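To start, the structure under review is shown below, and the notes come after it.
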Amino acid sequence: MNINFDASKPIYEQIIDQIKQMLVRGELNPGDKLPSQRDMAKKIEVNPNTIQRAYREMETLELVETQRGRGTFIKEDKNMVLEIKKEMARNATFRFLQEMTAIGFSTEEIINLVEKGLINFKVNKEN
Numbered sequence: 012m013n014i015n016f017d018a019s020k021p022i023y024e025q026i027i028d029q030i031k032q033m034l035v036r037g038e039l040n041p042g043d044k045l046p047s048q049r050d051m052a053k054k055i056e057v058n059p060n061t062i063q064r065a066y067r068e069m070e071t072l073e074l075v076e077t078q079r080g081r082g083t084f085i086k087e088d089k090n091m092v093l094e095i096k097k098e099m100a101r102n103a104t105f106r107f108l109q110e111m112t113a114i115g116f117s118t119e120e121i122i123n124l125v126e127k128g129l130i131n132f133k134v135n136k137e138n
């Protein structure tokens, strides 16, 4: 896991986001064991307390569960990945719309740009 940390967002939140992205991309699956907190801290070069906070928050979000003596595992929930994917899509859409309106595009202009973009994307993807 390589994270290019963004100074505008707490590191523990960025770690959680990265794990969610790995789940959505299929790099992690429900039931997979996460590295120990110490190993994760060494791997991504952050303070172990930051990893502890990320793991604790992921437990609160019911993304992971810790099994005493065995480690921390991605929760076995088939719907979780789909819900995370939908949440990420909503957030990306909101950020996109926020930026487009901030630079002065109307709703109709945004719709036209997206339609044209989808057509171009489909054509490029087929080639």
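Going by our numbering, the first residue of the sequence shown is number 12, and it counts up by one from there.
Glycine included, each C-beta is placed from N, C-alpha and C at the ideal position.
Since we're looking at a predicted model, the values are computed, not measured.
Indicate whether the contact test is met: 3 or more Cβ pairs, each with one atom in the segment 40-55 and one in the segment 82-95, closer than 8 angstroms.
yes
In DSSP terms, what GLU76 is bridged to:
PHE84
List the residues that DSSP assigns as beta-bridge partners of LYS44.
PHE84
GLU76 versus ARG67: straight-line alpha-carbon distance, rounded:
9 angstroms
Helix or strand or just coil, what does DSSP make of PRO21?
coil
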